[in-house]
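S.K.:
Numbering (our numbering), first residue to last: 517 to 687.
1) Under the rule that 16 or more other beta-carbon atoms within 10 Å means buried, what is residue 556, buried or exposed?
2) Leaving out five residues before and five after residue 658 in sequence, what residues of the same chain have Cβ atoms less than 8 angstroms from its Cβ?
3) Do residue 559 and residue 590 count as a contact pair if the criterion is CB distance below 8 angstroms?
4) Quick one: using the 10 Å Cβ neighbour count with 16 as the cut-off for buried, is residue 579 buried or exposed?
5) State the Cα-Cα distance for the pair residue 592 and residue 617, rounded to the nearest angstrom.
6) In this structure, does DSSP put residue 606 in helix, strand or coil?
7) Roughly how many whole angstroms lie between the Cα atoms of residue 565 and residue 661?
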């Protein structure tokens, strides 16, 4: 449920939530029975960045992330079976590019231990800094997926840097 007590249905609904509200929505989310619901090119949006949530910068970042010129457009995903697959990020920098491949699989979340879809960036060809990213996804509404983008740290659990979402509804 959103802070208004309603189930989020769109990227805009999620974008209106605070960093902490997104955390609660994520924890209440689920993993679909089959990852093929994410197949194709779900539209993506950056939602909230840690540390700026209660500042004027938060609104600017949310507005910028909604613009067609925002560089990150989403992810292209392909399931290999019901519990695993692969994908790549779509980036728009004047032209459309595919950057930073990942593998997907269902496993326990580093946040709460419940099942989640992990996006594993430790893939050949990815630069070292991309290999330090740990993304997860859960479905929070039919076809609407929410996830933390985390930075791996050597001595402790990954730190949640920002929240992002994917809209696989085709709307």
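Cβ atoms here follow ideal geometry from the backbone N, Cα and C, with glycine treated the same way. Keep in mind it's a predicted model, so treat the numbers as computed, not measured.
M.R.: In short, the structure shows the following:
1) Counting Cβ neighbours within 10 Å, residue 556 comes out exposed, since fewer than 16 surround it.
2) These residues qualify, in order along the chain: 685.
3) Closer than 8 angstroms, so yes.
4) Classification of residue 579: exposed, given that the 10 Å Cβ count is below 16.
5) Going from the Cα of residue 592 to the Cα of residue 617 covers about 9 angstroms.
6) Strand, per DSSP.
7) Rounded to the nearest whole angstrom, the C-alpha separation of residue 565 and residue 661 is 17 angstroms.
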